[in-house]
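Each step along the sequence shown adds one to the number in my numbering, with nothing skipped, and position 33 is 34. Every residue, glycine too, gets a C-beta built ideally from N, C-alpha and C.
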Amino acid sequence: MPTYIVLLGPPGVGKGTQAKLIAESTGLPHISSGDLFRENIKNGTKLGKLAQSYIIKGDLVPDDVTIDMIRERLCQSDCKDGALLDGFPRTTVQADALANLLSEFNGKVNFVPYITASEAVLLERLNGRWTCRAQGHVFHEKYNPPQKIGVCDFDQSQLYQRDDDKAETVTRRIQVYFTQTAPLIAYYRERGLLTEVNGGQPIDKVTANLLAVLRK
Ligand code: AP5
Ligand code: MG
Numbered sequence: 002m003p004t005y006i007v008l009l010g011p012p013g014v015g016k017g018t019q020a021k022l023i024a025e026s027t028g029l030p031h032i033s034s035g036d037l038f039r040e041n042i043k044n045g046t047k048l049g050k051l052a053q054s055y056i057i058k059g060d061l062v063p064d065d066v067t068i069d070m071i072r073e074r075l076c077q078s079d080c081k082d083g084a085l086l087d088g089f090p091r092t093t094v095q096a097d098a099l100a101n102l103l104s105e106f107n108g109k110v111n112f113v114p115y116i117t118a119s120e121a122v123l124l125e126r127l128n129g130r131w132t133c134r135a136q137g138h139v140f141h142e143k144y145n146p147p148q149k150i151g152v153c154d155f156d157q158s159q160l161y162q163r164d165d166d167k168a169e170t171v172t173r174r175i176q177v178y179f180t181q182t183a184p185l186i187a188y189y190r191e192r193g194l195l196t197e198v199n200g201g202q203p204i205d206k207v208t209a210n211l212l213a214v215l216r217k
C-alpha cells in the first residue's frame with residue numbers, strides 16, 4: 002500500500018523546509034503545489050499565467066486547475082509508493098478530490114501532521130525567507146542562512162525573495178488560510194488523521210517531532 006502524507010499549516014510555518022527533510026528521510030517524493038505553480042510561471046505556461054494572477058494577490062488558484070495539476074503529478078512513476086503533499090489540499094473540495102483520486106491508486110491519506118506557530122512567527126519567517134530559483138530550497142536570513150549570501154547551498158542557483166512575500170500579500174495569504182484552509186483541521190481530525198506539531202521550535206526539533214508522528 003502506498004503512503005500519502007499531507008503537511009498542513011499556515012503560510013510560512015515551515016511546510017516546505019520540513020517536506021524537503023522528510024522526503025530525504027522517507028524516500029517519498031515531495032509534491033508542493035506552490036512549487037509546481039512557480040515552475041509553470043517560470044516556464045510561461047498557460048497554467049502559470051492563470052496561477053500568477055491569483056498568487057500575486059495572495060488568493061487561492063481555482064480548485065479545478067489545481068486538482069488537475071496534482072492528479073497529473075501523482076500519476077507519475079516516482080509516486081508509486083506514495084507522496085508527501087505540501088500545500089495541497091487547501092480547501093475541502095480539494096480534500097474530497099484527493100480522497101477520490103487516491104482511491105483510484107488503492108491508497109488513502111495516512112498522516113496529516115498539522116504544523117502550528119503564532120502569527121508573529123509566521124510574519125518573521127516570511128519576511129526573512131530566501132528561495133532557490135532552481136528547486137525551491139528555502140533559507141532564512143537569520144534562522145537558516147545559506148553558506149554564501151544569495152546562493153543556494155544545494156544547487157548553487159540564485160536565491161530570490163518571492164513576490165507574494167510582500168507585507169500586503171502575506172496578510173491576505175494568512176487571511177485566506179484561516180477562511181479557506183483551516184476547515185481542513187476539523188476535516189482531518191474527524192477522520193482520525195490529524196496530529197498537531199509545534200512548528201515554533203528550531204528546524205531539527207520540528208523534523209524529529211514529524212518523524213515521530215510518521216512512525217506511529
Ligand atoms: P505555497 O508556496 O504553498 O505557500 P504557503 O502555503 O503560503 O506556504 P509557504 O511556502 O509560504 O510557507 P512554508 O510553510 O512552506 O514555509 P517555509 O518552509 O518556506 O503557495 C503559494 C501560493 O500558491 C498560494 O498563496 C496560492 O495562491 C497558490 N497555491 C498553492 N497551493 C494551492 C492550492 N492547493 N490551492 C490553491 N492555490 C494554491 O519556511 C518559511 C521560512 O521560515 C523560511 O525562510 C525557512 O527557512 C524558515 N523556517 C522554517 N522552519 C523554521 C523553524 N523551525 N525555525 C526558524 N525558521 C524556520
Ligand atoms: Mg512552501
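Are the Cβ atoms of residue i and residue j separated by less than 8 Å?
| i | j | result |
| --- | --- | --- |
| residue 173 | residue 35 | no |
| residue 7 | residue 139 | no |
| residue 118 | residue 200 | yes |
| residue 61 | residue 93 | no |
| residue 107 | residue 2 | yes |
| residue 87 | residue 43 | no |
| residue 82 | residue 170 | no |
| residue 148 | residue 154 | yes |
| residue 194 | residue 66 | no |
| residue 130 | residue 162 | yes |
| residue 185 | residue 13 | no |
| residue 85 | residue 32 | yes |
| residue 1 | residue 164 | For the chain, the structure presents residues 2 to 217; residue 1 sits outside this window and is missing. |
| residue 23 | residue 160 | no |
First and last residue of the beta strand (DSSP E) that includes residue i?
| i | result |
| --- | --- |
| residue 1 | It is not possible to answer for residue 1, since the shown part of the chain is limited to 2 through 217. |
| residue 112 | 110-117 |
| residue 55 | Segment 47-56 is the alpha helix (DSSP H) holding residue 55; no beta strand (DSSP E) there. |
According to DSSP, residue i sits in a beta bridge with which residue or residues?
| i | result |
| --- | --- |
| residue 139 | 132 |
| residue 156 | DSSP lists no partner for residue 156. |
| residue 4 | 83 |
| residue 149 | 152 |
| residue 161 | 132 |
| residue 9 | 115 |
Specify, as a first and last residue, the run of the alpha helix (DSSP H) that residue i falls within.
| i | result |
| --- | --- |
| residue 26 | 16-27 |
| residue 189 | 184-191 |
| residue 69 | 64-75 |
| residue 170 | 168-177 |
| residue 13 | Where residue 13 is concerned, there is no enclosing alpha helix (DSSP H), given that its DSSP letter is neither H nor E. |
| residue 34 | 34-43 |
| residue 210 | 204-216 |
| residue 101 | 93-105 |
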